[in-house]
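Visitor:
In this note's numbering, the protein residues as written are 17 to 261.
So, in structure tokens, the structure goes:
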């Protein structure tokens, strides 16, 4: 959970920097309008989405759960960043203009037999131009920034020099995809043209039936048994039955 919120904070901050850099450079380029779900690998455990990044953050930051987490010593390292981001985004007309109507999709994936991590996909529209974002990212202290090529897609790695954790992210058309597990970013690139979720009839039916709201939550029951191995030693007949639905 800590890594989820840390990843969310950094991804939103990068989105702000990227969008701000776009306006600073006034850089216009025709790009494809890619659906965020094209970058979600087919083995997602669950998916959370919001259609408005600004309102979504405000809802999280004002929730009782968030306020409780900020008081927990385990999350103490997030307090300063969260407070700064909260101050930047709340009651800020510029941030509201930049981040309103921008879709955020977060998916969870197994990364080992007993562990999982998150993948973040943000629609940054024309702001996602890594060529001038690299310079803007240098304002982030305590991070070492590098880049590499993976299947003709540039991946940027941000190494936290204190925690030694690395956030990897890339820009694909109008989308930014990032994770603290670089293999998930690479898997998103591998499957970017498969359109798995767009062609999944059950998932599309669920999306159609889901009422429009600030947050939507989808569960992939087939992966739940693997996910519960993170918390349970034995499999459950009920869980196994659900995975067959």
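Beta carbons: idealized from backbone N, C-alpha and C, even for Gly.
The beta strand (DSSP E) that contains residue 123, what's its start and end?
Guide: Per DSSP, residue 123 belongs to the beta strand (DSSP E) from 120-128.
Visitor: Does the contact criterion of 3 or more C-beta pairs under 8 Å hold for the region 58-76 versus the region 157-177?
Guide: Cβ pair count under 8 Å is below three, so no.
Visitor: Using only alpha-carbon positions, find the residue among 48, 196 and 58 that is nearest to residue 219.
Guide: Residue 219 has its Cα closest to that of 58, out of 48, 196 and 58.
Visitor: Roughly how many angstroms lie between the CA atoms of residue 6 and residue 238, to the nearest whole one?
Guide: The chain is shown from 17 up to 261; residue 6 falls before or after that span and cannot be answered.
Visitor: Comparing C-alpha positions only, which one of 185, 140 and 75 sits nearest to residue 134?
Guide: Per the Cα distances, 185.
Visitor: Under a Cβ-count criterion, where at least 16 other Cβ atoms within 10 Å of its own Cβ denotes burial, should residue 132 be classed as buried or exposed?
Guide: So residue 132 ends up on the buried side.
Visitor: Grab the span of the alpha helix (DSSP H) containing residue 225 for me, first residue to last.
Guide: Unbroken alpha helix (DSSP H) run through residue 225: 217-225.
Visitor: Indicate whether residue 195 and residue 233 have their beta-carbon atoms separated by less than 9 Å.
Guide: No, the pair does not count as a contact, with Cβ atoms beyond the cut-off.
Visitor: Do residue 139 and residue 118 have their CB atoms nearer than 9 Å?
Guide: Closer than 9 Å, so yes.
Visitor: With DSSP collapsed to three states, give me the class of residue 186.
Guide: DSSP places residue 186 in strand when its eight states are reduced to three.
Visitor: Go ahead and label residue 247 buried or exposed: buried means 16 or more other beta carbons lie within 10 angstroms of its beta carbon, across all protein chains shown.
Guide: Label assigned to residue 247: exposed.
Visitor: Is it right to say residue 54 is buried, meaning 16 or more other beta carbons lie within 10 angstroms of its own, or is it exposed?
Guide: By the neighbour-count rule (16 or more Cβ atoms within 10 Å), residue 54 is buried.
Visitor: If you count every other CB in all the chains shown that lies within 10 Å of the CB of residue 217, and 16 or more means buried, which is it?
Guide: Residue 217 comes out exposed.
Visitor: By a C-beta neighbour count over all protein chains shown, 10 Å radius and 16 as the cutoff for buried, is residue 42 buried or exposed?
Guide: At residue 42 the pLDDT is 38, less than 50, meaning the model places this residue with poor confidence and gives no usable figure here.
Visitor: Would you please state the rounded distance, in angstroms, between the beta carbons of residue 197 and residue 240? I believe it to be under 8 Å.
Guide: Not quite, the Cβ-Cβ distance comes to about 20 Å (not below 8 Å), so this is no contact.
Visitor: Work out the CA separation of residue 124 and residue 76 for me, nearest whole Å.
Guide: Distance between the alpha carbons of residue 76 and residue 124: 18 Å.
Visitor: Do you know offhand how far residue 206's Cα is from residue 188's?
Guide: Their Cα atoms are separated by approximately 12 Å.
Visitor: Taking the Cβ atom as the reference point for each residue, do residue 203 and residue 129 lie within a distance shorter than 9 Å?
Guide: No, they are not a contact pair.
Visitor: Enumerate in chain order the residues of its own chain whose CB-to-CB distance from residue 169 is below 7 Å, with the five nearest sequence positions on each side excluded.
Guide: 186, 188 and 205.
Visitor: State the Cα-Cα distance for the pair residue 148 and residue 74, rounded to the nearest angstrom.
Guide: Reliability of the predicted coordinates at residue 148 is poor, the pLDDT of 47 falling under 50, and the value obtained from them is presented with this limitation in mind. Each residue's alpha carbon lies about 28 Å from the other.
Visitor: What three-state label does DSSP hand residue 201 in the structure shown?
Guide: Correct three-state label for residue 201: helix.
Visitor: Is residue 167 near residue 50, with beta carbons less than 9 Å apart?
Guide: Not in contact: residue 167 and residue 50 (Cβ atoms no closer than 9 Å).
Visitor: Taking the alpha carbon of residue 182 as the point to measure from, which residue in 201, 192, 190 and 191 has its own alpha carbon closest?
Guide: Cα-wise, what sits closest to residue 182 is 201.
Visitor: Between which residues of its own chain and residue 212 is the CB-CB distance below 7 Å, once the five residues before and five after are set aside?
Guide: If we look at residue 212 and ignore the five residues flanking it on each side, its Cβ neighbours are 58.
Visitor: According to DSSP, simplified to helix, strand and coil, what is residue 245?
Guide: Of the three classes helix, strand and coil, the one that applies to residue 245 here is coil, per DSSP.
Visitor: Cβ-heavy atom distance between residue 191 and the ligand SAM below 8 Å?
Guide: Among the components of this structure there are no ligands whatsoever, and the ligand SAM is therefore not found.
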